[in-house]
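Q: In my numbering, the protein residues as written are 106 to 336.
Handing you a structure now.
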Ligand code: IYR
């Protein structure tokens with residue numbers, strides 16, 4: 106049967122839970138959220154101190170509320186707290202990174218990274234209490250094993266990852282977005298199917314007491330450079 110825009114398959118419910126805020130509160134909340142996310146810094150020096158699992162779980166639940174294509178929720182998150190698995194991830198990531206920094210990356214890319222002071226050593230992959238591997242599901246499978254197409258996969262998983270990072274930050278955790286490339290080793294180590302593409306590896310925990318950040322990271326574009334207002 107052909108589908109039409111006024112298909113009767115859709116069921117609707119009244120919108121519940123929407124909170125309209127008085128304008129002063131709206132302004133205050135927008136400003137206070139801005140001040141809070143401005144404090145977020147990517148950290149590469151982590152403390153080994155544990156972080157309760159339920160905190161990270163709730164942040165992943167928050168990520169799972171992200172807007173996404175056709176509500177297929179094309180993501181899967183793997184939380185890794187096990188040291189042995191973290192060690193295997195570190196070894197595989199460092200192997201890729203040694204190639205990246207040792208010749209695979211074009212000079213222009215290495216020059217762009219120089220002010221950040223990154224290199225092939227990734228001790229944080231073992232030190233931090235949690236690694237969160239974010240996978241993008243290229244297609245789904247239904248109960249009968251048939252492929253189900255997903256839509257806007259990269260956009261959807263990007264949106265979910267943004268919510269996840271913000272949720273972790275507001276829970277008081279420091280994070281690093283790590284993207285060893287290629288990352289297919291994550292499928293092997295974490296036993297995820299090929300149709301799930303590794304998207305990001307997030308490192309979450311508390312910053313080490315002597316954590317430092319590159320000065321360059323504080324350079325944020327001024328508002329008119331990131332936004333054009335037409336009103
Ligand atoms: N994946 C490498 C390189 C790297 C690339 C970018 I773009 C960064 O912003 C930071 C690092 C690494 O993790 O070191």
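Beta carbons: idealized from backbone N, C-alpha and C, even for Gly.
Given residue 326, which residues of its chain have a CB within under 6 Å of its CB, disregarding the five upstream and five downstream residues?
A: none
Q: Just to confirm, are residue 165 and residue 294 a CB contact at a threshold of 7 Å?
A: no
Q: Alpha carbon to alpha carbon, how far is residue 243 from residue 106? Give it in angstroms, no decimals.
A: Summary for residue 106: the model assigns pLDDT 47, below 50, so the residue's position carries little reliability; its value from the coordinates is reported in the next sentence. If you take the alpha carbons of residue 106 and residue 243, they lie about 26 Å apart.
Q: So, for residue 317: in the same chain, excluding its five sequence neighbours on each side, which residues have a beta-carbon less than 7 Å away from its beta-carbon?
A: 150
Q: May I ask whether a heavy atom of the ligand IYR can be found less than 6 Å away from the beta carbon of residue 284?
A: yes
Q: Using a Cβ-based criterion (distance less than 6 Å to any ligand heavy atom), does residue 147 qualify as near the ligand IYR?
A: no
Q: Contact check, residue 235 vs residue 310 under 8 Å by CB: the rounded distance?
A: 6 Å
Q: In this structure, does DSSP put residue 319 in helix, strand or coil?
A: In the three-state reduction of the DSSP assignment, residue 319 falls in the coil class, being assigned neither a helical nor a strand state.
Q: Along the alpha helix (DSSP H) that carries residue 161, what are the first and last residues, could you check?
A: 158–168
Q: Should residue 259 be counted as a contact of the ligand IYR given a C-beta to heavy atom distance under 6 Å?
A: no
Q: For the region 187–252, list the alpha helix (DSSP H) runs that are entirely contained and at least 4 residues long, ordered along the chain.
A: 188–204, 212–218 and 229–232
Q: Confirm, please, whether the CB-CB distance from residue 303 to residue 279 is below 7 Å.
A: no
Q: Compare the beta carbon distance of residue 198 and residue 230 with 7 Å and say whether it is the shorter of the two.
A: Taking 7 Å as the Cβ cut-off, residue 198 and residue 230 qualify as a contacting pair.
Q: What do you reckon, is the C-beta of residue 223 under 6 Å from a heavy atom of the ligand IYR?
A: yes
Q: For residue 157, count neighbouring C-beta atoms within 10 Å of its own C-beta (all shown protein chains included) and say buried if the count is 16 or more, exposed if not.
A: Under a 10 Å Cβ-count criterion, residue 157 is classified as exposed, with fewer than 16 other Cβ atoms of the shown protein chains found around its own Cβ.
Q: Excluding sequence positions up to five away, which residues of its chain have a Cβ less than 6 Å from the Cβ of residue 256?
A: 174 and 175
Q: Roughly how many angstroms separate the alpha carbons of residue 178 and residue 126, rounded to a whole number?
A: 29 Å
Q: How many Å lie between residue 225 and residue 315 at the Cα?
A: Rounded to whole angstroms, residue 225 to residue 315 spans 21 Å at the Cα level.
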